[in-house]
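What follows is a short report on a single structure.
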Ligand SMILES: NC(=O)c1ccc[n+]([C@@H]2O[C@H](COP(=O)([O-])OP(=O)(O)OC[C@H]3O[C@@H](n4cnc5c(N)ncnc54)[C@H](OP(=O)(O)O)[C@@H]3O)[C@@H](O)[C@H]2O)c1
């Protein structure tokens, strides 16, 4: 069936994640975040991606509660920050996030970065939160194949999601295949290259061909590779634009041209550097 803004992917724990969501990193706490989330929910987004580190969990929670949309229709993700690792510290940090969000549970709790030495203990805390139903799904972010190998060896259950930087300039094909093979859903952050490569001639040319914008090409490219996409914007017209990606399909030759843009270049920290 054709994808739409209402499409969801079934995770390895049986829960369903929307295919497109709103990212709110660098959305200022207060009105800016509240308005962005409200605007996204109005456009039909049902996934909001925040983190303790973004400093706007209170506003995300307020906008979700004030939307009038039933709680179980909205998928809220937040993340464990690097300074909160360890079993007890992670449980405390989760409680802080839950309090700030003002929600009974979060849909997805992620380990934000694979912090050396402590990540194993933190994962045990996430397992407990899942058992308690406080985090409905649990997962990781910025995990490379070696980090995932380590986790899969020791954990009774696999992470539901791995959220990583993913766009044509960092087309992590090996990681994608590895995750697909183990039913770990890959979720793309910085899918718009943070706006930095939207004027690239190949992207502009493909956008013109389909009468779409460069941002819409990047989001559609990720969707066609099976990823969940979480573009960030605080502008209502762009929030709408970024969700208007379901009325066309990029042909395989154009997908290949986009795939070939890979430069293995990271905008964020490179998690390969974390032992
Ligand atoms: N797990 C992690 O470590 C991690 C790291 C980074 C990000 N993330 C998550 O992923 C989300 C998205 O990544 P990101 O924020 O790094 O970058 P992004 O979504 O690739 O790009 C966001 C930038 O593009 C601009 N933009 C948005 N829509 C546009 C459009 N249609 N046309 C032109 N420019 C547009 C935004 O500006 P305006 O807001 O002014 O529109 C913003 O400057 C984050 O918000 C966060 O939730 C997670």
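In the numbering used here, the protein residues as written are 217 to 491. We put the beta carbon where it would ideally sit given N, CA and C, even for glycine.
In its own chain, which residues sit with a C-beta less than 7 Å from the C-beta of residue i, not counting the 5 before and 5 after it?
i: residue 381; result: 405, 406, 482, 483, 484
i: residue 316; result: 273, 274, 277
i: residue 479; result: 385
i: residue 340; result: 303
i: residue 270; result: 240, 241
Any heavy atom of ligand 1 within a distance shorter than 8 Å of the CB on residue i?
i: residue 426; result: no
i: residue 405; result: yes
i: residue 273; result: no
i: residue 464; result: no
i: residue 265; result: yes
i: residue 318; result: no
i: residue 429; result: yes
i: residue 411; result: yes
i: residue 247; result: no
i: residue 457; result: yes
i: residue 301; result: no
i: residue 298; result: no
i: residue 387; result: no
i: residue 381; result: yes
i: residue 374; result: no
i: residue 400; result: no
i: residue 477; result: no
i: residue 242; result: yes
i: residue 484; result: yes
i: residue 384; result: no
i: residue 335; result: no
i: residue 454; result: yes
i: residue 261; result: no
Using the C-alpha atoms, what's the distance from residue j back to residue i?
i: residue 427; j: residue 460; result: 12 Å
i: residue 399; j: residue 241; result: 27 Å
i: residue 383; j: residue 408; result: 7 Å
i: residue 304; j: residue 226; result: 30 Å
i: residue 415; j: residue 476; result: 16 Å
i: residue 440; j: residue 466; result: 8 Å
i: residue 437; j: residue 458; result: 12 Å
i: residue 359; j: residue 294; result: 16 Å
i: residue 265; j: residue 230; result: 20 Å
i: residue 286; j: residue 417; result: 43 Å
i: residue 393; j: residue 279; result: 36 Å
i: residue 239; j: residue 447; result: 5 Å
i: residue 327; j: residue 356; result: 5 Å
i: residue 306; j: residue 338; result: 6 Å
i: residue 250; j: residue 257; result: 11 Å
i: residue 259; j: residue 376; result: 26 Å
i: residue 221; j: residue 261; result: 7 Å
i: residue 368; j: residue 336; result: 11 Å
i: residue 255; j: residue 455; result: 7 Å
i: residue 397; j: residue 435; result: 23 Å
i: residue 469; j: residue 223; result: 25 Å
i: residue 442; j: residue 325; result: 21 Å
i: residue 248; j: residue 452; result: 11 Å
i: residue 244; j: residue 431; result: 22 Å
i: residue 429; j: residue 371; result: 42 Å
i: residue 410; j: residue 449; result: 10 Å
Just to confirm my understanding: we take residue i, look at its own chain, exclude 5 residues before and 5 after, and list those with CB closer than 8 Å. What are they?
i: residue 332; result: 490, 491
i: residue 309; result: 268, 296, 297, 300
i: residue 321; result: 314, 349, 350, 351, 352
i: residue 395; result: 364, 378, 401, 402
i: residue 390; result: 361
i: residue 312; result: 268
i: residue 319; result: 277, 280, 281, 287, 292
Excluding sequence positions up to five away, which residues of its chain have a Cβ less than 6 Å from the Cβ of residue i?
i: residue 263; result: 234, 237, 291
i: residue 433; result: 419, 422, 423
i: residue 354; result: 325, 342, 346
i: residue 464; result: 426
| message | At 3 residues or longer, what runs of the beta strand (DSSP E) sit wholly inside the stretch 458–482? | response | With a minimum length of 3 residues, no continuous beta strand (DSSP E) run stays inside the stretch 458–482.
Give the list of continuous alpha helix (DSSP H) stretches no shorter than 4 residues that lie fully inside the stretch 372–460. Counting only runs of at least 4 residues, the stretch 372–460 fully encloses the following alpha helix (DSSP H) elements, listed from N- to C-terminal order: 389–397, 417–426, 430–440, 452–459.
Jot down the residue ranges of each uninterrupted alpha helix (DSSP H) in the stretch 290–322, minimum 4 residues, whole runs only, in chain order.
For the stretch 290–322, whole alpha helix (DSSP H) runs of length 4 or above, ordered along the chain, are 303–317.
Exercise for the section: Within the stretch 236–289, note down every full beta strand (DSSP E) run reaching 3 residues or more, in order along the chain. Expected result: Runs of the beta strand (DSSP E) inside the stretch 236–289: 263–265.
Hey, which unbroken runs of the beta strand (DSSP E) at 3 residues or more fall wholly within the stretch 320–360? You should have 322–327, 351–357.
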